[in-house]
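Participant: Pasting a structure here, questions to come.
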Amino acid sequence: MDKEHVKQLIENARAINTTCVRKLTELAMDVSSCSWMCGGGTSSCVGNCNYSNSDKPLPSLTSYCSNMSIYTAIQRVKLKVFDVGKATALDVGVVLYGYVTPALCMLVLLLNTLLVVILSSRRTRSPTNMILCSIAVLDTMTILLPLPWYLFFYTSGGYNEYVPFSWCVVYKYTALVLPTVCHNSSLWLTVALAAHRYIGLCHPRVSQFTSSYKAVTICLLVILVITTVMQSTILLLEDLEPVRVVGKELFATSGVKYVDTCSIVFKTEKDNYLTGLKAYLWTRLIVAELLPTSLLLLFNMLLLRKTCESYRYRRKLISGNAAMSQSDFRECMRTTVMLLTLCSFCVLVQIPVATILFLMFIQTNTGYRIFTLRETKVTVTLVNFVLFLSFPANFAICLGLSEKFRRTLKDKLKSRKRSHSISGLSTSMKLSNSHDLQSGTPMLPSLNVISEIPI
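Pasting the structure below:
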């Protein structure tokens, strides 16, 4: 269909819409028992109407609703109305985003909170663990920020309605911009973690600076600033404007139902917008996906080779000097293996994600068809869910490969139980003293009770 046919179709749809609104309003004034829910199917709308006036032809209602639906669909596409129900494959999104992701989010929140508490304790505090804590916080924010929207749209069925304009800006930042910034920052911090460990093993003199808290803090701030600026460039190309369109229900008892929602508009001319969008997509693909994944793979290979060389070298020294202690060497090897496993797991997750995004960006920029529209929606949903699914892995890796982490976790749990037992005993003593005071026979606790209080 050429441009002239499209233009004629839109003009015809506008004329049909005007007639449809006028006729349906006239019918609604005479028949109050009609549900006017044509958006869910014209047959149900006709079946639920009980007309007492035979002058109003029932068959015309079906054609009016059909024409109204055609027009509103064209209008929504033309105005670029933001619609969550059209942006996601609902059969997959409702299950993963609406039911699995909330439970996964609670698990990630619990495990990463434990991870931060343990790694920031006095016994395990270090610049390396500071990076791990930052990664845990950013991963948690990546899945936690869009959670309220997942609950609203996919769990409670909010995708059947448009987002009110007053919430559009909040949704844009909390569900789209900030989670992307957090994920990209977490990925680059994982690269910094691998580089930090490699420098510590291969360049001890340089590591005197890179292993300081100041250097780690500067690195964290630089990564956050760069990822934020990179993601904010899309805000220079697109904007949200209020728009009034026919709602998804189409009609209410009073006639046509309009809603105030948001429309995505270009801040520049169309050609400049497309050029800027391509530049943004390629920059994000390279800087946020391909480059960190490649660097992470490179540092992992170098770190693995250096670890094997250090292990063989230390084994020779220990065999030549039986009195040499192996505790420090074992602890260093455990830490290196733990970080190597953590980074390798991140690489295994990021390689397919980067590959899929690369193919999608090729399709977007060249027009070459690789995925259908439904396949694109399903792929995006699965990619996001796989990233969410990888977030609890850091806690599992630290728990499985770090003996110090396990000891600290066990001590934390024991101290918590001990504090609960002390608080419970003090509460019972207060109640006992209160009862004795009321009876007029105050009594001190016996020596046996005092001796049983854990210290």
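FYI, in the numbering used here the residues of the sequence shown are -15 to 439. Glycine included, C-beta positions come from ideal geometry on N, C-alpha and C.
(1) By the DSSP assignment, the alpha helix (DSSP H) with asparagine 378 in it spans what residues?
(2) Pull the bridge partners of isoleucine 248 from the DSSP assignment, please.
(3) Using the three-state DSSP reduction, which class does valine 364 fall into: helix, strand or coil?
(4) Quick check: what's the CA-CA separation for phenylalanine 375 versus lysine 241?
(5) Can you tell which of Cys186, Ile270, Arg391, Pro132 has its C-alpha closest to the C-alpha of leucine 288?
(6) Just to confirm my understanding: we take phenylalanine 342, look at its own chain, exclude 5 residues before and 5 after, and list those with CB closer than 8 angstroms. What are they?
(7) How many Å lie between threonine 245 and phenylalanine 389 at the Cα?
(8) Can you tell me where the alpha helix (DSSP H) with asparagine 168 in it begins and where it stops?
(9) Would the stretch 166 to 177 and the stretch 110 to 126 be scored as touching if the rule is three or more Cβ pairs under 8 angstroms?
(10) For lysine 62, which three-state DSSP category applies?
(11) Using a Cβ-Cβ cutoff of less than 6 angstroms, which residues in the same chain neighbour valine 76 once the five nearest sequence positions on both sides are dropped?
(12) When you compare each of Ile58, Phe66, Lys70, Gln59 to threonine 360 by their alpha carbons, which one comes out closest?
(13) Nearest to leucine 265 by CA position, among Arg228, Lys251, Gln215, is which residue?
(14) Quick check: leucine 371 and threonine 139, are their CB atoms within less than 9 angstroms of each other?
(15) Take arginine 181 as the anchor and find which of Leu393, Ala87, Val92, Met114 has the nearest alpha-carbon.
(16) Any idea what DSSP makes of valine 153, helix, strand or coil?
(17) Using only CA atoms, which one of Ile340, Ser196, Phe329 lies nearest to serine 110?
(18) Relative to the C-alpha of threonine 72, which residue among Trp172, Asn368, Leu282 is closest?
(19) In the DSSP assignment, find the alpha helix (DSSP H) that holds aspartate 123 and state where it starts and stops.
(20) Taking the alpha-carbon positions, what's the phenylalanine 355 to alanine 199 distance?
(21) Taking the beta carbon of lysine 156 as the centre, do at least 16 other beta carbons fall within 10 Å, making it buried, or is it exposed?
(22) Candidates Thr212, Gly351, Val100: which alpha carbon is nearest leucine 160's?
(23) Using 8 angstroms as the cut-off, can you tell me whether the stretch 135 to 153 makes contact with the stretch 244 to 261, which would need three or more C-beta pairs spanning the two stretches below that distance?
(24) In this structure, does DSSP put glycine 141 in helix, strand or coil?
(25) Which residues bound the alpha helix (DSSP H) around proline 132?
(26) Compare the beta carbon distance of valine 92 and leucine 128 with 9 angstroms and say whether it is the shorter of the two.
(27) Rounded to whole angstroms, what is the Cα-Cα separation between valine 175 and glutamine 334?
(28) Name the one or two DSSP bridge partners that valine 445 has.
(29) Could you give the distance in angstroms between the alpha-carbon of glycine 260 and the alpha-carbon of valine 190?
(30) From proline 130 to threonine 85, what distance separates their C-alpha atoms?
(31) Put isoleucine 354 into one of helix, strand or coil per three-state DSSP.
(32) CB isoleucine 207 to CB tryptophan 172, shorter than 9 angstroms?
(33) Could you work out which residue in Ile218, Leu220, Ile248 is closest to valine 227 when comparing CA atoms only?
(34) Below 8 angstroms on the Cβ atoms is my guess for valine 331 versus threonine 392; work out the distance and round it to an integer in Å.
(35) Write down the C-beta distance between leucine 99 and phenylalanine 379 rounded to the nearest angstrom, noting that I regard them as a contact closer than 8 angstroms.
(36) Which residues in the same chain as leucine 103 place their Cβ atom closer than 7 angstroms to its Cβ, once the five residues preceding and following it in sequence are excluded?
Facilitator: Taking the coordinates as given:
(1) Taking the first residue of the sequence shown as 1, we reach residue 378 at position 394. 377 to 385 is the span of the alpha helix (DSSP H), which, as asked, contains asparagine 378.
(2) Along the sequence shown, one-based indexing puts residue 248 at 264. Leu224.
(3) Along the sequence shown, one-based indexing puts residue 364 at 380. Three-state DSSP puts valine 364 in a helix.
(4) Numbered from 1 along the sequence shown, position 391 holds the residue referred to as residue 375. Numbered from 1 along the sequence shown, position 257 holds the residue referred to as residue 241. Taking the CA atoms as reference points, phenylalanine 375 sits about 43 angstroms from lysine 241.
(5) Locating residue 288 in the sequence shown gives position 304, counting from the first residue. Among Cys186, Ile270, Arg391, Pro132, the Cα nearest to that of leucine 288 is on Cys186.
(6) Taking the first residue of the sequence shown as position 1, residue 342 is located at position 358. For phenylalanine 342, the CB contacts under 8 angstroms within the same chain, skipping 5 residues up- and downstream, are Leu269, Glu273, Leu274 in chain order.
(7) In the sequence shown, residue 245 corresponds to position 261, counting from 1. In the sequence shown, residue 389 corresponds to position 405, counting from 1. Taking the straight line from one Cα to the other gives about 50 angstroms.
(8) Taking the sequence shown and counting its residues from 1, one reaches residue 168 at position 184. First-last of the alpha helix (DSSP H) with asparagine 168: 162 to 186.
(9) They touch, by the three-pair rule.
(10) Within the sequence shown, numbered from 1, the residue matching residue 62 stands at position 78. Correct three-state label for lysine 62: helix.
(11) The sequence position of residue 76 within the sequence shown is 92, counting from 1. Closer than 6 angstroms at the Cβ level, and outside the excluded window around valine 76, lie Val362, Thr365.
(12) Counting from one through the sequence shown, the residue named residue 360 turns up at place 376. When the alpha-carbon of threonine 360 is set against those of Ile58, Phe66, Lys70, Gln59, the nearest one is in Lys70.
(13) Residue 265 sits at position 281 when you count from the first residue of the sequence shown. Comparing alpha carbon positions, the residue from Arg228, Lys251, Gln215 closest to leucine 265 is Gln215.
(14) The residue given as residue 371 occupies position 387 in the sequence shown. The residue given as residue 139 occupies position 155 in the sequence shown. No; because the gap between Cβ atoms is not below 9 angstroms, this pair is not in contact.
(15) Indexing the sequence shown from 1 puts residue 181 at position 197. The shortest Cα separation from arginine 181 among Leu393, Ala87, Val92, Met114 belongs to Met114.
(16) Position 169 of the sequence shown, counted from the start, is the residue given in the question as residue 153. Taken through DSSP and simplified to helix, strand or coil, valine 153 comes out as helix.
(17) Taking the sequence shown and counting its residues from 1, the one referred to as residue 110 is at position 126. It is Ser196.
(18) Taking the sequence shown and counting its residues from 1, one reaches residue 72 at position 88. Closest option to threonine 72, Cα to Cα, is Asn368.
(19) On the sequence shown, position 139 is the one that residue 123 refers to. 111 to 128 is the extent of the alpha helix (DSSP H) around aspartate 123.
(20) As a working mapping, residue 355 is identified with position 371 in the sequence shown. As a working mapping, residue 199 is identified with position 215 in the sequence shown. When rounded, the distance between both Cα atoms is 44 angstroms.
(21) The residue labelled residue 156 in the question sits at position 172 within the sequence shown. Counting every other CB atom within 10 Å of its CB across the protein chains shown gives lysine 156 a total of 16 or more, marking it as buried.
(22) Within the sequence shown, numbered from 1, the residue matching residue 160 stands at position 176. Of the candidates Thr212, Gly351, Val100, Thr212 places its Cα closest to the Cα of leucine 160.
(23) Yes: the two stretches touch, three or more of their Cβ pairs being nearer than 8 angstroms.
(24) Looking up residue 141 in the sequence shown gives position 157. Coil at glycine 141, not helix or strand.
(25) By 1-based counting over the sequence shown, the position of residue 132 is 148. Here the alpha helix (DSSP H) through proline 132 covers 131 to 134.
(26) For the purposes of this step, residue 92 is identified with residue 108 of the sequence shown, where counting begins at 1. For the purposes of this step, residue 128 is identified with residue 144 of the sequence shown, where counting begins at 1. Their beta carbons are under 9 angstroms apart, which means valine 92 touches leucine 128 by this criterion.
(27) To locate residue 175, count along the sequence shown from 1; it is residue 191. To locate residue 334, count along the sequence shown from 1; it is residue 350. Between valine 175 and glutamine 334, the C-alpha separation is close to 12 angstroms.
(28) As displayed, the chain neither begins before -15 nor continues past 439, which places residue 445 out of reach and without an answer.
(29) The residue given as residue 260 occupies position 276 in the sequence shown. The residue given as residue 190 occupies position 206 in the sequence shown. CA-CA distance, glycine 260 to valine 190, rounds to 40 angstroms.
(30) If you number the sequence shown from 1, residue 130 lands on position 146. If you number the sequence shown from 1, residue 85 lands on position 101. Roughly 10 angstroms separates the two Cα atoms.
(31) For this step, residue 354 is matched to residue 370 along the sequence shown. Shown here, isoleucine 354 sits in coil according to DSSP, grouped into three states, outside any helix or strand.
(32) Locating residue 207 in the sequence shown gives position 223, counting from the first residue. Locating residue 172 in the sequence shown gives position 188, counting from the first residue. Contact flag set, yes.
(33) As a first step, residue 227 is located in the sequence shown; it is residue number 243 there, counting from the start. Taking only the C-alpha atoms, the option nearest valine 227 is Ile248.
(34) One-based indexing of the sequence shown puts residue 331 at position 347. One-based indexing of the sequence shown puts residue 392 at position 408. Taking C-beta atoms under 8 angstroms as the contact rule, valine 331 and threonine 392 fail to qualify, at a distance of about 27 angstroms.
(35) Within the sequence shown, the letter at position 115 stands for residue 99. Within the sequence shown, the letter at position 395 stands for residue 379. Going by Cβ atoms, the distance from leucine 99 to phenylalanine 379 rounds to 5 angstroms, so yes, they are a contact pair.
(36) On the sequence shown, position 119 is the one that residue 103 refers to. Correct list, in chain order: Asn113, Leu116, Cys117.
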